Structures are given as structure tokens and as C-alpha cells.
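Below is one structure, written out as C-alpha cells; comments come after it.
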Amino acid sequence: MNDLHHHYIAGEWVGGVEMSKNINPSDVSDVIGEYAHADRAQAETAIAAARNAFPAWAASSVQDRANLLDAVGNALLVRKDELGRLLAREEGKTLPEGVGEVVRAGQIFKFFGGEALRLAGEKIPSVRPGIDVEVTREPLGVVSIITPWNFPIAIPAWKIAPALCYGNCVVFKPADLVPGSAWALSEIIVKAGIPSGVFNLVMGRGSVVGDALVTDRRVDGISFTGSVATGHALAAKAIARMAKLQLEMGGKNPLVILDDADLPTAVNCAVNGAYFSTGQRCTASSRLIVGAGIHDRFVTAITERVGKLKVDDALAAGTDIGPVVDENQLKQDLDYIGVGQREGASLAWGGEVLQREKKGHYLAPALLTEATNAMRSSREEIFGPVASVIRVKDYDEALAVANDTDFGLSAGIVTTSLRHASHFKRASQAGMVMVNLPTAGVDYHVPFGGRKGSSYGPREQGRYAREFFTVVKTAYTLP
Ligand code: ADP
17 MNDLHHHYIA GEWVGGVEMS KNINPSDVSD VIGEYAHADR AQAETAIAAA
67 RNAFPAWAAS SVQDRANLLD AVGNALLVRK DELGRLLARE EGKTLPEGVG
117 EVVRAGQIFK FFGGEALRLA GEKIPSVRPG IDVEVTREPL GVVSIITPWN
167 FPIAIPAWKI APALCYGNCV VFKPADLVPG SAWALSEIIV KAGIPSGVFN
217 LVMGRGSVVG DALVTDRRVD GISFTGSVAT GHALAAKAIA RMAKLQLEMG
267 GKNPLVILDD ADLPTAVNCA VNGAYFSTGQ RCTASSRLIV GAGIHDRFVT
317 AITERVGKLK VDDALAAGTD IGPVVDENQL KQDLDYIGVG QREGASLAWG
367 GEVLQREKKG HYLAPALLTE ATNAMRSSRE EIFGPVASVI RVKDYDEALA
417 VANDTDFGLS AGIVTTSLRH ASHFKRASQA GMVMVNLPTA GVDYHVPFGG
467 RKGSSYGPRE QGRYAREFFT VVKTAYTLP
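Heads up: the sequence shown is residues 17 to 495, going by the numbering used here.
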């Protein structure tokens, strides 16, 4: 079934300058569909359409925006099984994970449907008698939304929903590798009755479409999630013209396991955080920092557990871990497993390419032990089912190692000590801290984001999303 999927620009479905195949990583003979690729001119047409639509959308009724976002949310929830299957088929996470992601996207749209009605300002007494001061929020303008492949519907949802909620017009470029879920979401937004030009979908390469979305002066802000290298390159171009920026760029997230931890909780948190969704989450636990007193018991228990995980077709019943997203990512994972071993770590489990009934990018989840925090495999983001165990002597060393990283997205601790848990929450240099929970897996209605090299600009999600998608105005009146 080679359905043709077009861009949505200025209220019309339009073909691209070329078409690109969307391939199932569980079965590379399965072509999910063909998706349009745009050139720079098409991206610029979409930006122009968004610019033209902006004044009317910025002035639109908040009730209309609320109704539209709520309708999109409902449509996603009604179609969760079908869209979850499409997502698992194109990205490789398991079917339950795919359905869960679609549900999350639906909930996000419904949340921002409500938020459209709750955008209040402030009236503040002036220091000068007789004058009124009002602080209000206005839409940012035209926003470019550039998303990665690892959450093909949730990340677009958590950027597009607040953008539209607060009165912005959108030009959306999904990742080249997974346009299917993004296209389905776009169709839902169109069918919900979005006015022409307010929302535009332009698919294609980052270097072509993405670059136009970043450098065009008619774009007021860019919300990007992706790799560190792309984020840095894009930021330099955006800052050169003073565009507003929001970047999420990954992590090297620590999970600290103290000697007093409950062992089953530690194993659950580590397995979930390191390997679920094939480790392809920016919040994945890639550094397992383990106290010397529990180290051997933990390594034995996690190895036994990882050995039982079923790596197979993302759509097959009972699969725990689907394939790696594509050949390039598989190569990167294997390269880093080799790097870790050459630097002195031991491969305690997995790390080999697996053959399954259908040809896909299957990798046995890898556990490196006897790792140090100085190894490249402990410092650079791998973005696959690969975790390193780093042994530490006590809590103080664990905390120091956890914070000794260029990243700061998420950090976890498994402990039964209230004192250590409380201290870790305060002293961790991460944007999100988890106690007795995996580093990955967050709520949809609270802020998401990190520190240091992980993030730049205001937080995403929940009410904090308005910091990026609105601008503040302070008005003074002498009645
Ligand atoms: P990942 O491979 O993890 O998705 P990337 O940073 O390569 O991370 O890609 C994230 C998003 O950024 C994708 O939609 C990609 O097409 C886009 N992108 C890549 N290069 C550029 C660029 N030079 N300018 C703008 N966007 C880009």
C-alpha cells in the first residue's frame, strides 16, 4: 500500500518536489507509504501563508480555539489503536508504547483546549497614583516546529497544541524518518476545521525545509527537538537574526542506585529507563550509578531480567523491545558499544545484532559494566538500548558522578533513605528528578525540560508552555 501523502500549505493539500518512502524498521520490506518532500520555495510559501493568517488567528475567539483543540484531542483518543499501530510500525516502539503515545498526544490537545480559556493577565497598582498597569500575553507570531523521530506524535502535539492555543500560526516539519504519524495528526487538525494558513505541514530534509524554517525572517520563533549538533547549528542561525528559540537536545541521564535501595524497584527503574522504547528516549537512563554494597546483586538481577526481554517485531504480541529505528542508528549503537569495550568496560549482556523472522534493525539490549564516567560511552548520548554501570563508593560520589555531565535533562535515584532522596532532589543539576521512578516517563501537564547542554529556552508542556508561545505586554493607562 503506497499511499501518497502531501504537504498541507495555505489550506490545500499539495504535492512535493519529490516523494520519500516511509520504511518499517521491524520489516524493511514493508513500505508504509510515500511522503512528499518540499523544496525551499514550498517551505517559504507555507511561511507566507502562516504570516497572512496570523492577524485573524491572533484575534480569534478563545472559545473557537478551545473547541478546535478539544476536537483534535478527541479524534486522537478515538483513533488511538489505529494511530498507535501506525506509530509502532514506522518508529519501532512496541504497540502498547505506540498506543500510549497517541493517548498522550490526545490528552495534550485536550489540556491546551482548556488552557485557551484560562489565559489571564494581571492588573497591578502603579507606583504613580491614578495610573493603571496591565500585564497581558499576546501570541508570539509565526512559529516553526521542527521535531525528531523518536516521539513521532507526542512531540509534535506538545509543540503544536500550545502554539495554536495561544494564537500562533504554525509551520510544522516532522522528522524525515517518521512522517506517517505527523501526517495523520495534521489531517486530524485540518478535519477539525483549522482556518487556512494557520497550520501548515511541510515535510522534507532538515538541510532544506528545516533551514528555511529557521532562517526566514517572517518566522518569529523556533521550537526544536533533536540532536545536540543540529540544535547548536540551528541556534546560531536563529540567534543571528534574534529569533525566539526553544531547544530540547537530549541527555546522558543518571540513575543512582544506593546501597539501601529496594532491589526489585532498582531493576524495574533501570530496565524501563534504559531499554524501553529501545532506549530511544532523551530521558533514557544511560548511566546506572550503583553503590558498591548493592553493585553485584544489582548486576546479577538486571542481567537476568534483560536476558528475558523479548526483542522482536514492534507489532507482535509480547514484544518488550522493538527494533532500532534505522540502519544509521543501529551502526551508532554498535559503534558506542565497541567504544565502551575498548575504553575498558565489560559487555555483561547483549549488544549483538539479532535476526528475526522479518529483516529489521534488531539489537539485543546491551549492558556495559565496570564503566567509568570518563569513558566516551558514559559522556556522549548513544540513543539506543545501551546502558553503562558505574560503581561508586557512597552517596556523595554518586551525586558527583550524576552531575558530572554536559547534559541535565532527567536524573533518578533509587533509595529508601528520605534524607538522600531529599538531598538529591535539591542537588541534582537536572531539569527533572525522579525518586524510585525511571528517569523516563513524565506527565503531560507539568513542565518538561532540562539544564546545561540538554535544553535552551523556556520549558515545554503544561502551563509553562506559554512562556515560549506568548510575549508579554505591559500597558499603562491614565484614565
Ligand atoms: P534526530 O536524528 O534525533 O531526529 P536531528 O537533529 O538530526 O535529530 O533532527 C531533528 C529535526 O531537525 C529533524 O526534523 C531534522 O530534519 C531537522 N533538521 C536537521 N538538520 C536541520 C537543519 N540544518 N536546520 C533545521 N532543521 C534541521
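Ideal Cβ placement from N, Cα and C applies to all residues, glycine included.
Quick caveat: nothing in here was measured; it's all calculated off a predicted structure.
query: Given residue 148, which residues of its chain have a CB within under 6 angstroms of its CB, disregarding the five upstream and five downstream residues?; result: 493
query: Does the ligand ADP have a heavy atom nearer than 7 angstroms to the CB of residue 199?; result: no
query: Give the DSSP-derived three-state secondary structure of residue 53 in the structure shown.; result: strand
query: So is residue 246 in contact with chain C if we call contact Cβ pairs under 8 angstroms?; result: Among the protein chains of the structure shown there is no chain C, as only one such chain exists.
query: Is the beta carbon of residue 385 within less than 7 angstroms of some heavy atom of the ligand ADP?; result: no
query: Near residue 17, which residues of its chain fall below 6 angstroms by C-beta distance, leaving aside the five closest residues on each side in sequence?; result: Summary for residue 17: the model assigns pLDDT 41, below 50, so the residue's position carries little reliability; its value from the coordinates is reported in the next sentence. Cβ within range, chain order: n/a, list empty.
query: Could you give the uninterrupted runs of the alpha helix (DSSP H) lying entirely in the region 421 to 457, keeping only those of 4 residues or more?; result: 434 to 443
query: Look up residue 307 in the DSSP assignment and say whether it is helix, strand or coil.; result: strand
query: Does the contact criterion of 3 or more C-beta pairs under 8 angstroms hold for the region 95 to 104 versus the region 142 to 159?; result: no
query: Quick one: using the 10 Å Cβ neighbour count with 16 as the cut-off for buried, is residue 303 buried or exposed?; result: buried
query: Terminal residues of the continuous alpha helix (DSSP H) containing residue 81?; result: 78 to 94
query: Closest by CA to residue 267, which one among 52, 471, 482?; result: 471
query: Looking at residue 117: is its Cβ nearer than 8 angstroms to the Cβ of residue 102?; result: no
query: With a threshold of 16 other CB atoms inside 10 Å of the CB of residue 258, please say whether the residue is buried or exposed.; result: exposed
query: Can the beta-carbon of residue 310 be found closer than 8 angstroms to that of residue 272?; result: no
query: Quick check on this structure: which residue in 270, 488, 477, 491 has the alpha carbon closest to the alpha carbon of residue 131?; result: 477
query: When DSSP labels each residue in this structure, what does residue 33 get in the three-state scheme?; result: coil
query: For residue 212 and residue 109, I'd like the C-alpha separation in whole angstroms.; result: 34 angstroms
query: Based on DSSP bridge pairs, tell me the residues matched to residue 23.; result: 30
query: Hey, could you find the ends of the beta strand (DSSP E) residue 148 is sitting in?; result: 148 to 155
query: If you run the structure through DSSP and keep just helix, strand and coil, what is residue 546?; result: Residue coverage of the chain in this structure runs from 17 to 495, which leaves residue 546 outside it and unanswerable.
query: Taking the alpha-carbon of residue 356 as reference, which of 405, 320, 60 has the nearest alpha-carbon?; result: 405
query: Heavy atom of the ligand ADP less than 7 angstroms from the Cβ of residue 227, yes or no?; result: yes
query: Look at the Cβ atom of residue 281, then the Cβ atom of residue 452, and state whether they are nearer than 8 angstroms.; result: yes
query: Under 8 angstroms Cβ to Cβ from residue 35, same chain only, skipping five residues before and after it: list those, please.; result: 20, 50, 51, 52, 53
query: State yes or no: is the C-beta of residue 161 within less than 8 angstroms of the C-beta of residue 194?; result: no
query: Please go through the region 331 to 367 and give each complete beta strand (DSSP E) segment of 3 or more residues, from N-terminal end onward.; result: 362 to 365
query: Check the C-beta distance from residue 260 over to residue 484 and give it rounded, since I have them as a contact under 8 angstroms.; result: 7 angstroms
query: Judging by CA-CA distance, which residue of 83, 178, 386, 328 is the nearest neighbour of residue 462?; result: 178
query: Taking Cβ to Cβ, would you say residue 425 is nearer than 8 angstroms to residue 466?; result: yes
query: Regarding residue 168 and the ligand ADP, is the C-beta to nearest heavy atom distance less than 7 angstroms?; result: no
query: Does the separation of the CB atoms of residue 331 and residue 42 fall below 8 angstroms?; result: yes
query: Say yes only if the C-beta of residue 165 is nearer than 7 angstroms to one or more non-hydrogen atoms of the ligand ADP, and no if none qualify.; result: yes
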